[in-house]
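As structure tokens, the structure follows; a few thoughts come after it.
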Amino acid sequence: MQRVSSFAAHESGTLYLVPTPIGNLGDMTQRAIDTLQAVDLIAAEDTRNTQKLLNRFDIATKQISFHEHNTQARIPELLARLQEGQNIAQLSDAGMPSISDPGKELVHAAIEVGVPVVPLPGPNAGLTALIASGLVPQPFLFYGFLPRKQGEQRTALEALNNERATMIFYESPFRVAKTLTMMQTVFGDRQAVLARELTKKFEEFLRGTLSELAAAMSEEARGEFVILVAGAPDEPLQAPDLPLKAQVEAAIATGARPNDAIKTVAKRNGVKKQVVYNAYHELDEGDAQ
């Protein structure tokens, strides 16, 4: 067991995890400003973006780049500085570090050598969207970004199909429509919410079914998105109105392989895969034997 008091005297320095605004600079906390002014070094995901933030709050602390492409090379250097007694603030471009951005590796390395890790509370897109979504806020499951490849994405969603908690995902504007369509294929037409451009001038919430949201995103989308999907219902959903063959064809249209589409449709409708197979291939029981 390891016990580390965050604010006791230590021979080493301290690693501070500092959240930054997800859009509105007014969300920068005074504690975050004071911490960035006081530390010896800032490890930033993108030093150019961070410099704009530092300029806004008159912070002159030196920066060093720390991103997904140099993580392993930087960690020994940052650890050495911490063990020499320097205090370092680690931050991502927006929101909480270590969630969907680099940082968790440095946190793990610091913990391994007994360096105190002090998190600061602050902006987080997932929780900000959740409390205004209108969906059940507790329990919730934060997933973050789904795999980009359709097959891997489908597999990930199928593993979540029976999850009862409200689910939170991040998605880029370039993939949000396809992701919503895939979610509808796997989950059925559940209630969902799209939160776009949180804390910014064009912030908006789209609330409806997955099919409605997918249709709304059929044109080129803009902005950063949080997708929130209602958890699996206590009772199975009623089977969709579409015939089994049409459901399979709709799933295939999203990139699913025929066998996977048949399996998903069978599960959604509570019937055997052979029934769906026969319907898709327009076979009667005699033809299938």
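First residue of the sequence shown? That's 1 in full-length UniProt numbering, and the numbers climb one at a time after it.
Don't be surprised by glycine CBs; every beta carbon is placed ideally from N, CA and C.
What you are looking at is a predicted structure, and each value in this text was computed from that prediction instead of being measured.
Residue of the options minimising C-alpha distance to residue i
{"i": "A232", "options": "D46, M183, F205, G126", "result": "M183"}
{"i": "K267", "options": "P19, L82, L244, L283", "result": "L244"}
{"i": "I131", "options": "V118, T155, N162, V193", "result": "V193"}
{"i": "N269", "options": "L242, R257, Q90, P258", "result": "L242"}
{"i": "V115", "options": "D93, G26, L15, Q30", "result": "L15"}
{"i": "D234", "options": "Q138, V248, Q51, N162", "result": "N162"}
{"i": "G26", "options": "V118, T199, S211", "result": "T199"}
{"i": "residue 314", "options": "E171, V276, V229, E197", "result": "Nothing in the structure corresponds to residue 314, since the chain is present only between 1 and 289."}
{"i": "L49", "options": "R74, Q138, T61, S92", "result": "It should be pointed out that residue 49 corresponds to Asn in this sequence rather than to Leu. Out of R74, Q138, T61, S92, S92 has the C-alpha closest to the C-alpha of N49."}
{"i": "S5", "options": "S100, A230, V118, P137", "result": "V118"}
{"i": "S12", "options": "L82, Y280, S98, L210", "result": "L82"}
{"i": "A214", "options": "G144, H281, T181", "result": "T181"}
{"i": "A94", "options": "E45, Q138, E171, P137", "result": "E45"}
{"i": "I59", "options": "M28, R3, E77", "result": "M28"}
{"i": "D260", "options": "E212, Q150, E282, T209", "result": "Q150"}
{"i": "L78", "options": "T209, P137, V113", "result": "V113"}
{"i": "A230", "options": "E197, Y280, E212, F140", "result": "F140"}
{"i": "S133", "options": "K104, T209, D101", "result": "T209"}
{"i": "V265", "options": "L283, M217, G188", "result": "G188"}
Inter-residue CB distance, residue i and residue j (contact presumed, cutoff 8 Å)
{"i": "A43", "j": "F66", "result": "4 Å"}
{"i": "N124", "j": "M96", "result": "5 Å"}
{"i": "Q63", "j": "L135", "result": "Contact doesn't hold; Cβ gap of about 39 Å is too wide."}
{"i": "G126", "j": "F142", "result": "5 Å"}
{"i": "A195", "j": "F205", "result": "5 Å"}
{"i": "T179", "j": "I252", "result": "That belief does not hold up - the Cβ atoms of T179 and I252 are roughly 17 Å apart, past 8 Å."}
{"i": "E147", "j": "A156", "result": "One point to set straight first is that residue 147 is Pro, not Glu, in the sequence displayed. Their Cβ separation, rounded to whole angstroms, is 6 Å, which keeps P147 and A156 in contact under 8 Å."}
{"i": "I75", "j": "G144", "result": "Not quite, the Cβ-Cβ distance comes to about 22 Å (not below 8 Å), so this is no contact."}
{"i": "I33", "j": "F7", "result": "Going by Cβ atoms, the distance from I33 to F7 rounds to 18 Å, so no, they are not a contact pair."}
{"i": "R154", "j": "A73", "result": "With a Cβ gap of about 35 Å, R154 and A73 do not count as contacting."}
Alpha helix (DSSP H) segment containing residue i, residue limits
{"i": "F145", "result": "Where F145 is concerned, there is no enclosing alpha helix (DSSP H), although the beta strand (DSSP E) it sits in stretches over 140–145."}
{"i": "T71", "result": "71–83"}
{"i": "P119", "result": "That residue, P119, is in no alpha helix (DSSP H); its beta strand (DSSP E) goes 117–119."}
{"i": "V39", "result": "No alpha helix (DSSP H) contains V39, which DSSP labels as neither H nor E."}
{"i": "R196", "result": "Where R196 is concerned, there is no enclosing alpha helix (DSSP H), although the beta strand (DSSP E) it sits in stretches over 191–196."}
{"i": "residue 290", "result": "Residue 290 falls outside the range modelled here, since the chain spans only 1 to 289, and no answer is possible."}
{"i": "L91", "result": "It is not in any alpha helix (DSSP H) - L91 instead sits in the beta strand (DSSP E) that spans 88–91."}
{"i": "A132", "result": "125–133"}
{"i": "K104", "result": "104–112"}
{"i": "D260", "result": "258–269"}
{"i": "K178", "result": "176–187"}
{"i": "E152", "result": "150–159"}
{"i": "N278", "result": "273–280"}
Range of the contiguous beta strand (DSSP E) that encloses residue i
{"i": "T14", "result": "Careful: T14 lies outside any beta strand (DSSP E) and carries neither H nor E."}
{"i": "Q2", "result": "No beta strand (DSSP E) contains Q2, which DSSP labels as neither H nor E."}
{"i": "T209", "result": "204–209"}
{"i": "M167", "result": "166–171"}
{"i": "R56", "result": "Counting along the chain, R56 falls outside any beta strand (DSSP E), though it belongs to the alpha helix (DSSP H) covering 47–56."}
{"i": "S65", "result": "63–65"}
{"i": "V229", "result": "225–229"}
Beta-carbon gap between residue i and residue j smaller than 7 Å
{"i": "F225", "j": "V186", "result": "no"}
{"i": "R222", "j": "P173", "result": "yes"}
{"i": "Q90", "j": "L36", "result": "no"}
{"i": "L120", "j": "R3", "result": "no"}
{"i": "K263", "j": "K272", "result": "no"}
Contact with chain C by residue i, beta-carbon distance below 7 Å
{"i": "P139", "result": "Here there is only one protein chain, and chain C is not present."}
Within the chosen definition, does the stretch 101–110 reach the stretch 156–175 through at least 3 CB pairs nearer than 8 Å?
As far as the Cβ criterion goes, the stretch 101–110 does not touch the stretch 156–175, which means the pair count is below three.
Determine contact between the stretch 32–43 and the stretch 81–95, defined as no fewer than three beta-carbon pairs at a distance below 8 Å.
They touch, by the three-pair rule.
Count the C-beta pairs between the stretch 18–26 and the stretch 68–75 that are closer than 8 Å, then say yes if the count reaches three, no if not.
Taking 8 Å as the limit for Cβ pairs, the verdict is that the stretch 68–75 does not touch the stretch 18–26.
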